[in-house]
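Residues are numbered in the numbering used here as their position in the sequence shown, beginning at 1, plus a constant of 3. Take a look at the structure set out below.
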Amino acid sequence: MRKLIVSLFVLAIVSGCSQGMGNHSHDQIKNSGGYCKDCSVGYVDGKEVKCSSCYEMKKDKTGWCEGCKAGMVNGKKTSCKGCVDSAKSGEKCKSCKG
Ligand SMILES: [Zn+2]
Ligand SMILES: [Zn+2]
Ligand SMILES: [Zn+2]
Numbered sequence: 004m005r006k007l008i009v010s011l012f013v014l015a016i017v018s019g020c021s022q023g024m025g026n027h028s029h030d031q032i033k034n035s036g037g038y039c040k041d042c043s044v045g046y047v048d049g050k051e052v053k054c055s056s057c058y059e060m061k062k063d064k065t066g067w068c069e070g071c072k073a074g075m076v077n078g079k080k081t082s083c084k085g086c087v088d089s090a091k092s093g094e095k096c097k098s099c100k101g
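The structure is reproduced here in structure tokens:
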């Protein structure tokens, strides 16, 4: 039983943004944009992004997030991964004929 309590305690520290690495402010990255790996939260244009892939995608205005199945091409949201790939390679999207 004691082992369980200890492991729960460790889990709380690892998953939470507390004890040791929680004493930091996000004010700077909130304003200028950035990603906090400790908290797994990023900011783009003052908006919170809770996924590193989405953060990179929104920062670069083009990219794909496998976890959210969401993409962006030149700042426009898309649900077609092929369009994101084609935006990077310069070729036409094979997945859709839009
Ligand atoms: Zn943080
Ligand atoms: Zn995402
Ligand atoms: Zn497409």
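For glycine and all other residues, C-beta sits at the position ideal for the given N, C-alpha and C.
Mind checking if residue i is an interface residue toward chain D, Cβ cutoff 8 Å exclusive?
i      : result
Asn-26 : Absent here is chain D; the protein component of the structure consists of one chain.
Express the C-alpha separation of residue j and residue i in angstroms, rounding to a whole number.
i      : j      : result
Ser-89 : Glu-59 : 17 Å
Cys-20 : Ser-43 : Summary for Cys-20: the model assigns pLDDT 46, below 50, so the residue's position carries little reliability, and this model does not support an answer.
Gly-74 : Lys-84 : 7 Å
Lys-91 : Thr-81 : 14 Å
Glu-69 : Gly-36 : 22 Å
Asp-30 : Asp-63 : 21 Å
Ser-28 : Glu-94 : 42 Å
List the DSSP bridge partners of residue i.
i      : result
Glu-51 : Tyr-46
Tyr-38 : Gly-45
For residue i, which of helix, strand or coil comes out of DSSP?
i      : result
Cys-57 : helix
Gly-85 : helix
Lys-72 : coil
Thinking residue i and residue j are a contact (beta carbons under 8 Å), I'd like their distance in whole angstroms, please.
i      : j      : result
Ser-55 : Gly-66 : About 11 Å; that fails the 8 Å criterion.
Cys-96 : Cys-86 : 5 Å
Lys-61 : Val-47 : 4 Å
Near residue i, what residues of its chain come up, given a Cβ to Cβ distance below 8 Å and the 5 sequence neighbours on each side ignored?
i      : result
Cys-99 : Cys-83, Gly-85, Cys-86
Within a Cβ cutoff of 6 Å, which residues of the same chain sit near residue i, ignoring the five residues on either side of it in sequence?
i      : result
Lys-40 : none
In its own chain, which residues sit with a C-beta less than 7 Å from the C-beta of residue i, not counting the 5 before and 5 after it?
i      : result
Val-76 : Thr-65, Cys-86, Val-87, Ala-90
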